[in-house]
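A.B. asks: One structure is given below, represented as structure tokens, and several questions about it will come after.
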Amino acid sequence: MGKRRKLRGISLFSVCNTLLMLAVCFITLYPMYFVFINALNAPEQALLGTVNWFPKAISLDSYRVVFNDEHLMNGFLVTTLRTVIGTVVHVLFTAIVAYGMSKSNLIGRKVYMKIALITMLFSGGLIPTFILMTKLGLYDNFLVFIIPAMYTFFDMVIFISFYRTIPDSLEESAKVDGASDYGVLFRIVLPNSMAVIATISLFAAVYHWNDYYQGVLYIRSQDKLPLQTMLYKIIAENSMSFMQQQAMAQFGAKLPGNSIKFASMMVATLPILAVYPFIQRYLVKGVMIGAIKG
Amino acid sequence: MFQQKTEQIKTFMRQWQLQSMVIPGIVWMFIFCYIPMFWLIIAFMDYNIAKSMLESPFVGMKHFQDFVMDDRFWRSIRNTLGMSSIRLVLGFPIPILFALLLNEIRSIRFKRTVQTISYLPHFIAWTIFGGIMLNWLGEGGVINQLMMALGIQQREILFNSDPKYFWWIAFFSDTLKETGWSAIIYIAAISGIDPGLYEAAELDGANRWQRMWYITIQCIRPTIAILFILAVSGLLGSNFEQIFMLKNNMNMKMAESIDLYIYNMGLVSGRYSFSTAVLFARSIVALGLLFLANFTSKKLNGEGIF
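Respectively, the protein sequence lines represent chains V and S.
If you count by UniProt numbering, then the first sequence holds residues 1 to 294, one letter each, in order.
If you count by UniProt numbering, then the second sequence holds residues 1 to 306, one letter each, in order.
Structure below.
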């Protein structure tokens, strides 16, 4: 039966499957393309509604509003700072704790591991965590993005299993040369762990860049709001009064909210789109390292 | 015994560098994980955030009785279970299917391209992706235009403001965003299968479907089992960032999941103890579900996560 379906060596199945995969690619890319063309569409055209295939007249006016908006640019800065600091702190802290934990002769190791494991299985949840942050003075404080995200059990386990693949002789020879534990970690172990550092940095950076919810929960002052939290307010709560005022002053009433929305969405996504080609080769490896232990 | 203890203390002192790496981690865990767990006690109190815990009176199971009497609580349970069931029954097989079909693509280059593209939406924030969905589903949006062009409907439907569509919006937007990403682990598992098995099966006359069923599926069964256990234990959870983004006052009736209910009751209405009681009860049931799923999977498959 399989033979009958074959046409010039290509089976019906292959054709359908290829078409299906092309459809998947289309459906996946189209949302991004949609934002892109609508952010480019000229304001007068955007008043008539969104475009689906091509901008009717190309203009960068919406981007001009976004880049001139000091609130949004401040949000962009907060998000960038948060992503850079948050990622470095998370990776460094987790890597150091994991190094100590990876030593089997460490006194108290079993107890430490149990304490750590429980943090993955149980948590206090939203309300108790909120109360804790308030009591610690992290409410409406930039550090609320950094400190609570310093460590995860999962990432620590990934570090530990990676350290185990580094030959012991490397560490021993450094020890013979008189290096301390910190010396071994920073001069020998970490430089040999670039694959796992890249992977975990990537996931941490994506979390920090994309998260809007921490900002909704803990941030009140305008100048500490991350870009994604602003976007949440603009899109879901439709509160874009400050931008519309700005737009009015610059372009009269002709710039509709939609164009600005799409342009700010574009600005919030561009950094990820720009680094994606470089990061995507780490993804499969990263998930695999995670999956072995998870 | 005593000597052993002093020996341990000596070793501990000699390891001070290693210990100084680990102990800050343990301290961090105590503060950010254990203190919130301890704070769950406020579920049994009338806690006031302006006062200390010692000043708050114990009220026993009062809050637990209150939320059981609340219609909105049961509505949030229904919504959560409804959305989770759709996700489990229809959503769980989709990444597996995608991985299987992708595996049948012969051209390595095309396969890689499809794979790379399919991960992309996972890296887009929910604010952006949710924003696109809200636009598409609204008046004059892509979905309405498409359905009218295809003659499926005559007039525009405001999907966002009609509660009856919410579960499906949540399901489809999540599928659109995460299918490629969820498939990675299956793709990796499939790539680890010994090609010799396929050759042997081909010699025995197995066709494409038989090879898929008897070799690929059987070989990735452990992976499927583990992910299924995790999915079942997450029945009472929801994708909070997604729902928070897509909800609005009009669709709240079908959008309010348990997570959102806890948020609304606790942080919006300021009923901290009441919300914590709901949270507490949910954690216990979720833990039970995890054990149940693990037990069932062990019985049926011989695979479990513990």
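All C-beta atoms in this analysis are idealised placements derived from N, C-alpha and C, irrespective of residue type, glycine included.
Every value quoted in this text rests on a predicted model; they were computed, and no experiment measured them.
Just by C-beta distance, which residues in the region 210-234 of chain S are closer than 7 angstroms to chain V?
C.D. replies: The residues in question: there are none.
A.B. asks: Take G60(S) and list the residues in its own chain whose beta-carbon comes closer than 8 angstroms to its own, dropping the five residues that flank it on each side.
C.D. replies: If we look at G60(S) and ignore the five residues flanking it on each side, its Cβ neighbours are F44.
A.B. asks: Which residue comes first and which comes last in the alpha helix (DSSP H) that contains C16(V)?
C.D. replies: Element bounds for C16(V): 12-40.
A.B. asks: Just to confirm, is the Cβ distance from Q222(V) to H71(V) under 8 angstroms?
C.D. replies: Yes; because the gap between Cβ atoms is below 8 angstroms, this pair is in contact.
A.B. asks: Counting C-beta neighbours from all protein chains within 10 Å, is the total for S238(S) 16 or more, i.e. buried, or is it exposed?
C.D. replies: So S238(S) counts as buried.
A.B. asks: I want to know whether the region 156-163 of chain V touches the region 192-202 of chain V - three or more CB-CB distances under 8 angstroms.
C.D. replies: Result yes; three or more Cβ-Cβ pairs closer than 8 angstroms.
A.B. asks: Could you confirm whether any beta carbon from chain V is found closer than 8 angstroms to the beta carbon of M21(S)?
C.D. replies: Chain V, which has a Cβ nearer than 8 angstroms to the Cβ of M21(S), makes this yes.
A.B. asks: For chain V, find out if any of its Cβ atoms is closer than 8 angstroms to the Cβ of V27(S); answer yes or no.
C.D. replies: Not one chain V Cβ lies under 8 angstroms of V27(S).
A.B. asks: Taking buried to mean at least 16 other C-beta atoms within 10 Å of its own C-beta, is K3(V) buried or exposed?
C.D. replies: The pLDDT assigned to K3(V) is 48, lower than 50, so where the model puts this residue is not dependable; a value taken from the coordinates is nonetheless given after this. Counting Cβ neighbours within 10 Å, K3(V) comes out exposed, since fewer than 16 surround it.
A.B. asks: Determine, for Y165(S), whether the minimum Cβ-Cβ distance to residues of chain V falls below 8 angstroms.
C.D. replies: No - not a single Cβ of chain V is within 8 angstroms of the one on Y165(S).
A.B. asks: Might you give, ordered along the chain, the residues of its own chain that have their beta carbon closer than 7 angstroms to the beta carbon of M1(V), omitting 5 neighbours on each side?
C.D. replies: A caution first: M1(V) carries a pLDDT of 44, below 50, which makes its placement in the model too unreliable to give a value.
A.B. asks: Straight-line CA distance for L120(S) to I190(S)?
C.D. replies: One C-alpha to the other measures close to 21 angstroms.
A.B. asks: Run the CB neighbour count on W209(S), radius 10 Å, all protein chains shown included, and call it buried at 16 or more, exposed below.
C.D. replies: Flag for W209(S) reads exposed.
A.B. asks: For the 8 angstroms Cβ check, are there 3 or more pairs between the region 198-214 of chain V and the region 106-119 of chain V?
C.D. replies: With the cut-off at 8 angstroms, the region 198-214 of chain V and the region 106-119 of chain V do not touch.
A.B. asks: For chain V, check one thing: does any of its Cβ atoms lie closer than 8 angstroms to the Cβ of V114(S)?
C.D. replies: With 8 angstroms as the cut-off, V114(S) counts as an interface residue toward chain V.
A.B. asks: Are the CB atoms of M254(S) and K111(S) nearer to each other than 8 angstroms?
C.D. replies: For M254(S) and K111(S), no; Cβs fall outside 8 angstroms.
A.B. asks: Shorter than 8 angstroms from the beta carbon of V157(V) to some beta carbon of chain S?
C.D. replies: So, not an interface residue.
A.B. asks: Taking the alpha helix (DSSP H) that Y163(V) falls in, what are its first and last residues?
C.D. replies: First-last of the alpha helix (DSSP H) with Y163(V): 153-163.
A.B. asks: To be precise: take each residue of the region 286-299 of chain S, compare its Cβ to all Cβ atoms of chain V, and keep it if any distance is under 7 angstroms. Which residues remain?
C.D. replies: Cβ contacts with chain V: none found.
A.B. asks: With a threshold of 8 angstroms between beta carbons, is V142(S) in contact with chain V?
C.D. replies: With 8 angstroms as the cut-off, V142(S) counts as an interface residue toward chain V.
A.B. asks: Say whether chain S places a C-beta atom closer than 8 angstroms to the C-beta of Y139(V).
C.D. replies: Y139(V) does not count as touching chain S.
A.B. asks: Where K293(V) and V157(V) are concerned, what is the direct C-alpha to C-alpha distance, given to the nearest angstrom?
C.D. replies: The pLDDT assigned to K293(V) is 43, lower than 50, so where the model puts this residue is not dependable; a value taken from the coordinates is nonetheless given after this. Their backbone Cα atoms lie some 7 angstroms apart in a straight line.
A.B. asks: By the DSSP assignment, the alpha helix (DSSP H) with I118(V) in it spans what residues?
C.D. replies: It spans 109-121 - the alpha helix (DSSP H) in which I118(V) sits, taken as one unbroken run.
A.B. asks: In this structure, how does DSSP classify F54(V) when only helix, strand and coil are distinguished?
C.D. replies: Coil.
A.B. asks: Can you give me the C-alpha to C-alpha distance between N249(S) and A236(V), rounded to a whole angstrom?
C.D. replies: Approximately 11 angstroms, taken between the alpha carbons.
A.B. asks: Of all Cβ atoms in chain V, is any one closer than 8 angstroms to the Cβ of W39(S)?
C.D. replies: Answer yes: the Cβ-Cβ gap between W39(S) and chain V drops below 8 angstroms somewhere.
A.B. asks: Are there 16 or more other CB atoms within 10 angstroms of the CB of L101(S), so buried, or fewer, so exposed?
C.D. replies: Burial call: buried.
A.B. asks: Does any C-beta atom of chain V lie closer than 8 angstroms to the C-beta of F244(S)?
C.D. replies: So yes, F244(S) belongs to the interface.
A.B. asks: Using only the alpha-carbon positions, how far apart do W16(S) and S180(V) sit?
C.D. replies: Each residue's Cα considered, the two are about 11 angstroms apart.
A.B. asks: Among the candidates I224(S), G302(S), Y261(S), whose CA atom is the shortest distance from the CA of F92(S)?
C.D. replies: It is I224(S) whose Cα lies nearest to the Cα of F92(S).
A.B. asks: Any beta-carbon of chain S closer than 8 angstroms to the one on S123(V)?
C.D. replies: With 8 angstroms as the cut-off, S123(V) counts as an interface residue toward chain S.
A.B. asks: If you count every other CB in all the chains shown that lies within 10 Å of the CB of R155(S), and 16 or more means buried, which is it?
C.D. replies: Looking at its Cβ environment, which holds fewer than 16 other Cβ atoms inside 10 Å, R155(S) is exposed.
A.B. asks: Taking three-plus beta-carbon pairs below 8 angstroms as touching, is the region 17-31 of chain S in contact with the region 97-110 of chain V?
C.D. replies: At 8 angstroms Cβ cutoff, the stretches touch.
A.B. asks: Which residue's Cα is closest to the Cα of K56(V): I37(V), T87(V), V66(V)?
C.D. replies: Taking only the C-alpha atoms, the option nearest K56(V) is I37(V).
A.B. asks: Would you mind stating whether Q242(S) and S161(S) have Cβ atoms separated by less than 8 angstroms?
C.D. replies: Their beta carbons are not under 8 angstroms apart, which means Q242(S) does not touch S161(S) by this criterion.
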